[in-house]
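Engineer:
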């Protein structure tokens with residue numbers, strides 16, 4: 009909108025005369041009128057603007073001008089949104105020109121008589137007035153839609169959604185859930201010109217991202233991808249699209265792509281200026297994480313070598329403040345603040361002393377490990393260099409003492425640093441100490457396997473000994489960093505070239521010993537162990553004699569672990585609980601009562617109670633031993649290559665009828681479902697068998713309604729636990 013040409017040169021009386029004359033025009037030039045009202049309000053003459061707006065309102069009421077009244081109220085809202093009386097004024101003004109049944113329902117659905125603010129009510133009114141046939145909209149549930157009809161009889165908006173055509177909504181519900189799409193919305197382009205959208209996706213993916221941000225607002229990467237893959241970009245082409253978009257946005261100062269995927273990609277109104285105002289805002293910032301984020305933006309966007317002393321003083325003050333505020337609750341943030349201050353030369357004076365104090369606290373062994381683990385790869389290296397520069401050999405000594413607890417990622421950073429500091433021999437000696445301590449040391453084992461050049465050069469252990477220690481890692485139940493190291497080590501063993509190279513480098517006697525060690529590692533995952541043995545024996549077939557077994561089918565029979573389902577385990581726990589809390593105390597009371605009868609030699613009640621006590625105590629001992637020996641499991645990942653725990657076995661007897669037997673765990677039995685105990689004779693005869701194998705039953709087996717006649721029977725198939733069995737376990 010623009011003011012009428014003579015307006016600036018008019019005096020107050022001439023302006024008032026012009027305004028009154030303009031109100032008499034038909035049609036009313038509302039654009040000129042509202043631009044004058046806005047100019048008055050912006051110049052501080054709000055009382056005059058209100059008085060003239062009331063004159064315009066009266067004119068529109070007299071003319072019953074329904075179309076122009078919302079525009080006037082929208083302009084008026086610009087300076088009266090906080091006026092509590094303005095909402096009632098709007099309601100009255102609208103009802104004076106919205107007079108038919110449908111119009112009154114529109115005003116009511118906008119909520120002017122409800123609890124919402126006048127701004128919300130006007131937004132709802134604008135949306136409802138915009139629901140004309142052909143208008144494009146977006147619903148939070150149904151997605152993109154086109155207005156088919158604005159039904160003034162049933163008071164409903166009829167929308168053709170992509171997944172639900174001719175969907176009718178009440179005006180109030182439509183005002184709550186719909187969003188009208190502008191002409192530059194990406195869904196508008198998709199609807200009106202899909203070929204142009206396809207061209208832009210191919211030729212200018214960066215602009216597509218900008219359109220998404222303009223259409224939906226700032227959002228994290230995951231949300232951006234979700235929107236694009238929902239009908240705009242082929243999910244199979246996402247990586248190609250995003251690579252192109254990222255290249256195009258790299259030098260766009262108006263698009264801020266954060267380093268963390270969980271943070272929002274932002275479309276800025278103007279390029280950031282790191283001027284005095286920016287540093288004043290930083291000086292006022294009190295959130296430690298935000299301070300670090302802002303400083304990171306500064307480093308990534310400008311040449312910080314030319315900062316003046318005042319700017320560096322602000323940086324030093326804020327970074328030392330953030331470091332002190334986070335060194336206990338989030339030491340990785342404190343470390344990043346210290347390294348940023350060092351890079352920016354912001355360590356002069358008292359802030360520098362405060363930062364040195366934080367670095368000193370981070371030299372505590374536990375604190376250092378916690379901090380280093382939490383730092384990203386990009387932040388870890390400068391932190392190590394800063395600590396080395398600050399504390400010298402004391403820091404290197406700290407690193408040597410912690411080699412046994414560092415994760416593989418930290419070892420990748422720390423060992424090269426120690427080598428560069430000419431502490432390589434001490435590092436190797438420390439590794440030898442760790443191995444001599446007879447601990448698993450999964451992280452060290454994994455790091456040495458991934459860095460064979462260091463292993464061969466410094467010989468902390470031999471390759472042969474390292475392979476033996478790998479097996480020990482696989483036999484161990486690991487967690488946290490050890491589990492991560494175990495998984496990395498597993499990946500190395502799956503690399504044919506790596507394993508072959510290790511085996512070739514050790515002596516024949518060493519290979520024989522390693523084969524024996526792998527073959528005897530019964531607690532190593534059976535599938536992985538067999539895979540390693542298969543590759544080992546393929547390269548060295550002369551070692552097959554080590555794995556030879558005497559099983560009927562020539563298959564290795566794995567040692568059966570003592571496991572049971574959680575259902576049966578809890579039942580045993582309940583039995584023990586009842587025994588300890590109910591049965592044994594009750595028996596003690598019975599003994600007390602029997603003693604009260606006197607003459608214990610002839611007291612039958614006493615003898616019976618004492619005998620029962622012996623039974624109860626033996627049962628208690630048995631249950632405690634059982635619960636200590638047998639472990640509960642959910643059996644979610646059981647193997648079905650051969651009969652074992654948590655498998656359904658389909659057996660065909662001599663009569664040819666297939667029957668299902670189920671083996672779960674030690675204490676799991678249910679005749680109706682054909683569940684047999686893992687320690688039963690039936691289960692023992694089936695263990696290790698594979699589909700196609702046969703067994704000879706000396707007598708007929710009956711499990712509930714299942715009957716397998718004596719004689720030769722065949723294993724038909726082996727399957728995971730069926731749903732009815734799972735349901736039984738969950739019961």
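In the numbering used here, the protein residues as written are 9 to 739.
Ideal Cβ positions, reconstructed from N, Cα and C, are used throughout, including at glycine.
Quick caveat, the model's predicted, so the values are computed rather than measured.
(1) Return the Cβ separation of residue 84 and residue 61 in integer angstroms, given the expectation that the two are a contact with Cβ distance under 8 Å.
(2) Measure the beta-carbon distance from residue 183 to residue 135 and round it to whole angstroms, keeping in mind my assumption that it falls under 8 Å.
(3) Please report how far the alpha carbon of residue 13 lies from the alpha carbon of residue 355, in whole angstroms.
(4) Return the Cβ separation of residue 652 and residue 614 in integer angstroms, given the expectation that the two are a contact with Cβ distance under 8 Å.
(5) Assign residue 486 to one of three DSSP states: helix, strand, or coil.
(6) So the candidates are 646, 174 and 252; which of them puts its Cα closest to the Cα of residue 210?
(7) By the DSSP assignment, the alpha helix (DSSP H) with residue 231 in it spans what residues?
(8) On the DSSP bridge assignment, give the partners of residue 639 in chain order.
(9) Considering just the uninterrupted stretch of the alpha helix (DSSP H) at residue 255, what are its terminal residues?
(10) In the DSSP output, which residue or residues are listed as bridge partners for residue 658?
(11) In three-state terms, what does DSSP make of residue 557?
(12) For residue 165, does the three-state DSSP call read helix, strand or coil?
(13) Looking at residue 250 and residue 237, is the spacing between their C-beta atoms short of 8 Å?
(14) Report the CB separation of residue 343 from residue 363 in whole angstroms; it is logged as a contact under 8 Å.
(15) Is there a Cβ from chain D that is less than 8 Å from the Cβ of residue 471?
(16) Could you check what DSSP says for residue 272 in three-state terms: helix, strand or coil?
(17) When the Cα atoms are used, what is the spatial distance from residue 570 to residue 294?
(18) What is the DSSP secondary structure of residue 599, counted as helix, strand or coil?
(19) Under 8 Å by Cβ, that's how I've got residue 781 and residue 350 pegged, so tell me the actual separation to the nearest angstrom.
(20) Mind reading off the beta-carbon distance from residue 214 to residue 257? Whole number of angstroms is fine, and I expect it under 8 Å.
(21) Does the Cβ of residue 485 have 16 or more other Cβ atoms within 10 Å, making it buried, or fewer, making it exposed?
(22) Below 8 Å CB to CB, which residues in the same chain sit around residue 158 once its five sequence neighbours on both sides are set aside?
(23) CB-CB under 7 Å to residue 537, same chain, minus the five flanking residues each way: which ones, in chain order?
(24) Name the residue from 465, 419 and 585 whose alpha carbon lies nearest to the alpha carbon of residue 449.
(25) State the DSSP-derived secondary structure class of residue 703, mapped to helix, strand or coil.
(26) When the Cα of residue 47 is compared with those of 431, 31, 76 and 86, which residue comes out closest?
(27) Which term fits residue 70, buried or exposed, when burial requires 16 or more other beta carbons within 10 angstroms of its beta carbon?
(28) Quick one: complete alpha helix (DSSP H) runs, 4+ long, within the region 430-465?
(29) Please say whether residue 451 and residue 415 have beta carbons closer to each other than 8 Å?
(30) Okay, do the region 581-598 and the region 652-664 touch, 3+ Cβ pairs below 8 Å being the bar?
(31) Mapping DSSP to helix, strand and coil, what is residue 209?
(32) Kindly indicate which residue of 224, 649 and 532 has the alpha-carbon position closest to the one of residue 498.
(33) Taking all protein chains shown into account, do 16 or more other C-beta atoms lie within 10 angstroms of the C-beta of residue 553, making it buried, or fewer, making it exposed?
(34) Bridge partners for residue 176 per DSSP, in chain order?
(35) DSSP has residue 264 in a bridge; who is on the other side?
(36) Does the distance from the C-beta atom of residue 269 to that of residue 230 stay below 8 Å?
Structural biologist: To lay it out plainly:
(1) 5 Å
(2) 6 Å
(3) 59 Å
(4) Residue 652 to residue 614, Cβ: 50 Å. No contact.
(5) coil
(6) 252
(7) 229-237
(8) 571
(9) 246-257
(10) 668 and 725
(11) Because residue 557 carries a pLDDT of 46, less than 50, the predicted location of this residue cannot be relied on, and the following value inherits that uncertainty. Note: residue 557 maps to coil in three-state DSSP.
(12) strand
(13) no
(14) So it is not a contact: roughly 10 Å between Cβ atoms.
(15) This model lacks chain D altogether; it includes just one protein chain.
(16) strand
(17) 57 Å
(18) helix
(19) In the structure as shown, the chain begins at 9 and stops at 739. Residue 781 is therefore absent and cannot be evaluated.
(20) 5 Å
(21) exposed
(22) 139, 140, 141, 165 and 166
(23) 526 and 529
(24) 419
(25) strand
(26) 86
(27) exposed
(28) 432-444 and 450-458
(29) yes
(30) no
(31) helix
(32) 532
(33) exposed
(34) 166
(35) 274
(36) yes
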